[in-house]
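A.B. asks: Using our numbering, the first residue of the sequence shown is number 7, and each one after it goes up by one. Here a beta-carbon is modelled for each residue, glycine too, at the ideal position from N, C-alpha and C. The following block contains the structure, expressed as structure tokens.
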Amino acid sequence: KFSNPHRLGFESSNPTGKIPLGLKRKGLRIVVTGGAGFVGSHLVDRLIARGDSVIVVDNFFTGRKENVMHHFGNPNFELIRHDVVEPLLLEVDQIYHLACPASPVHYKFNPVKTIKTNVVGTLNMLGLAKRVGARFLLTSTSEVYGDPLQHPQKETYWGNVNPIGVRSCYDEGKRTAETLTMDYHRGAEVEVRIARIFNTYGPRMCIDDGRVVSNFVAQALRKEPLTVYGDGKQTRSFQYVSDLVEGLMRLMEGEHIGPFNLGNPGEFTMLELAEVVQETIDPNAKIEFRPNTEDDPHKRKPDIGRAKELLGWEPKVSLRNGLPLMVSDFRQRILKYPRLENP
Ligand code: NAD
Ligand code: UDP
Ligand code: UDP
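Listed below in structure tokens is the structure:
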């Protein structure tokens, strides 16, 4: 059904209903909003390798041209500088909607902009999906569970979120984005998919994004102390980016709406993470304690039973195997541009 030109927004006056030659193509046309960011750029690599035509829509708030530069000149690749808070007209088959800052440091930088991106940006992309009959995938987050009172978190848990806190622009923004997604599905029959992503790491993360894995890796490489916030006993579950991309693609291609937790159930305290970073980079790296941030969730671990059963998906890369892949990328970038915070 993806080869039907009407679904792509082309009005044909051809009474035979045959697709004009110039419109025939093998791959899908896919928009990746936020495609110049960390996760988006890895997704774009996989889609291009599969033979799809990819349009990246990004305002470069946290994304970088360098993440997708290797596709410049490929006729199957387009890059549009655009803010999803503004409407956008395109003709496509699928929309992967990732545009939104993901690191607490970035999303707290301009909270009103963050919530506008999540609400108005998602509304626009759903409007686009409705107009052209495209399938729409929302990258939501484990943050919809807030500071969870259930452990591990199942998709059926409704969460424990502070609606007026400093993280709310992101948490509540994503919760509203999920609501909009389901309402466009129920009200306008848009085909939708929802992924709830747990902490993900890998090459191309912003070096200065303040997230714990990027901080520890950059600190160890620069021979600075690893900054552990609070007592370091809070937990997170860290997923390598290739596992996430596989999960997102299976979700998009599959029959199930979700929401699906996509994360690695391996749970670590921040002190344990610091130890893995020490083992991987520098056993002599020091640890320095700092005050924790406001509303920091105490624990987080996905129950991935639903994704295992319905998508046939589970993560393959452990933290100890994934971390070295990220370290070599960070080492290269830090060596090349030692004075830049975010090379
Ligand atoms: P990222 O910051 O690297 O990527 C986000 C991209 O969106 C960037 O390229 C940025 O420039 C772009 N963007 C932001 N606001 C925009 C706007 N208004 N218009 C157009 N583009 C905009 O973050 P990421 O880690 O790649 O996250 C991608 C998505 O996955 C986000 O929606 C995030 O909420 C979700 N997610 C990520 C994680 C994680 O651990 N990485 C966890 C949960 C959810
Ligand atoms: N929209 C968009 N691209 C499109 C179609 C719609 O950006 O191809 C935007 C549109 O500007 C609107 C939002 O998506 O702000 C929701 O569109 P919808 O048609 O659902 O609602 P309406 O325009 O009727 O309010
Ligand atoms: N954290 C830390 N040191 C840092 C950065 C973060 O100990 O340099 C902690 C932070 O307090 C939180 C956890 O690591 O408990 C994960 O933080 P991150 O910002 O990576 O992601 P999120 O809070 O969104 O899960």
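#1: Roughly how many angstroms separate the alpha carbons of Val90 and Thr147, rounded to a whole number?
#2: Please tell me whether, using a cut-off of 7 Å, the distance from the CB of Thr233 to the nearest non-hydrogen atom of ligand 3 is below it.
#3: Between Gly152, Met211, His262, which has its C-alpha nearest Gly41's C-alpha?
#4: Sort Arg256, Gly43, Val60, Glu97 by Cα distance to Arg199 and report the nearest one.
#5: I need the DSSP call for Ile86, collapsed to helix, strand or coil.
#6: Assuming contact is defined by CB atoms lying nearer than 8 Å, are Gln240 and Phe204 in contact in what I supplied?
#7: Which residue's Cα is closest to the Cα of Asn328: Leu316, Val282, Val167, Glu315?
#8: What residues in its chain sit with their C-beta under 8 Å from that of Leu143, if we drop five residues either side in the sequence?
#9: For Arg326, which three-state DSSP category applies?
#10: Using a Cβ-Cβ cut-off of 7 Å (strictly less than) and excluding sequence neighbours within five positions of Val172, which residues of its own chain qualify?
#11: Quick one: what's got a C-beta closer than 6 Å to Ile121's C-beta in the same chain, skipping five residues either side?
#12: Going straight from the alpha carbon of Gly152 to that of His48, what length do you get?
#13: Helix, strand or coil: how does DSSP classify Asp64 here?
#14: Hey, would you say Glu149 sits closer than 8 Å to Asp189, going by beta carbons?
#15: From Glu315 to His262, what does the alpha carbon distance come to, in whole angstroms?
#16: Out of Asn82, Leu129, Arg141, state which residue places its alpha-carbon closest to the alpha-carbon of Glu184.
#17: Assuming the contact rule is C-beta atoms closer than 8 Å, Val45 and Leu331 should be a hit. Round their C-beta distance to whole Å, please.
#18: Closer than 7 Å to a non-hydrogen atom of ligand 2 - does that hold for the CB of Asn124?
#19: From the DSSP secondary-structure annotation, give me the bridge partner or partners of Ala201.
#20: Contact defined as beta carbons within less than 8 Å: I believe Asn166 pairs with Pro158. What is the distance between those atoms, to the nearest angstrom?
#21: Considering only C-alpha positions, which residue in the set Thr275, Ser109, Gly33, Gly236 is nearest to Gly69?
#22: Could you work out which residue in Ala135, Phe67, Val218 is closest to Asn116 when comparing CA atoms only?
#23: For ligand 2, is there a heavy atom less than 7 Å away from the beta-carbon of Gly318?
#24: Whose C-alpha, out of Ile170, Lys136, Ala226, is nearest the C-alpha of Ile340?
#25: Following the continuous alpha helix (DSSP H) through Arg256, name the residue where it begins and the one where it ends.
C.D. replies: Let me spell this out:
#1: One-based indexing of the sequence shown puts residue 90 at position 84. One-based indexing of the sequence shown puts residue 147 at position 141. The alpha-carbon atoms of Val90 and Thr147 are separated by roughly 19 Å.
#2: The sequence position of residue 233 within the sequence shown is 227, counting from 1. True, at least one ligand heavy atom lies under 7 Å from that Cβ.
#3: One-based indexing of the sequence shown puts residue 41 at position 35. The shortest C-alpha separation from Gly41 is found at Met211.
#4: Taking the first residue of the sequence shown as position 1, residue 199 is located at position 193. If we check each option's Cα against that of Arg199, Arg256 comes out closest.
#5: Translated into positions along the sequence shown, residue 86 becomes position 80. In the structure shown, Ile86 sits in a strand (DSSP, three-state: E or B).
#6: Position 234 of the sequence shown, counted from the first residue, corresponds to residue 240. Position 198 of the sequence shown, counted from the first residue, corresponds to residue 204. Taking 8 Å as the Cβ cut-off, Gln240 and Phe204 do not qualify as a contacting pair.
#7: Taking the first residue of the sequence shown as 1, we reach residue 328 at position 322. Residue identity differs from the one stated: residue 328 is Gly in this sequence, not Asn. Considering only alpha carbons, the answer is Val282.
#8: Taking the first residue of the sequence shown as 1, we reach residue 143 at position 137. Closer than 8 Å at Cβ, skipping near neighbours: Gln100, Ile101, Tyr102, His103, Val198, Arg199, Ile200, Ala201, Leu254, Leu257, Met258.
#9: The sequence position of residue 326 within the sequence shown is 320, counting from 1. Helix.
#10: Along the sequence shown, read from residue 1 onward, the residue named residue 172 stands at position 166. Excluding sequence neighbours, Val172 sits near Lys114, Glu300, Asp301.
#11: Locating residue 121 in the sequence shown gives position 115, where the first residue counts as 1. The residues are Cys175, Gly179.
#12: In the sequence shown, the residue the question calls residue 152 occupies position 146. In the sequence shown, the residue the question calls residue 48 occupies position 42. Roughly 27 Å separates the two Cα atoms.
#13: Mapped onto the sequence shown, residue 64 falls at position 58. In this structure, Asp64 counts as strand in the three-state DSSP scheme.
#14: Indexing the sequence shown from 1 puts residue 149 at position 143. Indexing the sequence shown from 1 puts residue 189 at position 183. Contact flag unset, no.
#15: Working through the sequence shown from its first residue, we reach residue 315 at position 309. Working through the sequence shown from its first residue, we reach residue 262 at position 256. A direct Cα-to-Cα measurement between Glu315 and His262 gives close to 11 Å.
#16: The residue you call residue 184 lines up with position 178 of the sequence shown. Nearest C-alpha to Glu184: Leu129.
#17: By one-based count along the sequence shown, residue 45 stands at place 39. By one-based count along the sequence shown, residue 331 stands at place 325. Not a contact, Cβ separation roughly 15 Å.
#18: By one-based count along the sequence shown, residue 124 stands at place 118. No, ligand 2 has no heavy atom inside 7 Å of this Cβ.
#19: Stepping through the sequence shown from its first residue, residue 201 is reached at position 195. Paired residue(s): Thr145, Phe266.
#20: The sequence position of residue 166 within the sequence shown is 160, counting from 1. The sequence position of residue 158 within the sequence shown is 152, counting from 1. That belief does not hold up - the Cβ atoms of Asn166 and Pro158 are roughly 14 Å apart, past 8 Å.
#21: Position 63 of the sequence shown holds residue 69. Checking every option, the nearest Cα to that of Gly69 belongs to Ser109.
#22: Here residue 116 refers to the residue found at position 110 of the sequence shown. Minimum Cα distance to Asn116 is reached at Phe67.
#23: Within the sequence shown, the letter at position 312 stands for residue 318. Not under cutoff, so the answer is no.
#24: Position 334 of the sequence shown holds residue 340. Ranking the options by Cα distance to Ile340, first place goes to Ala226.
#25: Sequence index remark: in the sequence shown, residue 256 carries index 250 (1-based). It spans 247-259 - the alpha helix (DSSP H) in which Arg256 sits, taken as one unbroken run.
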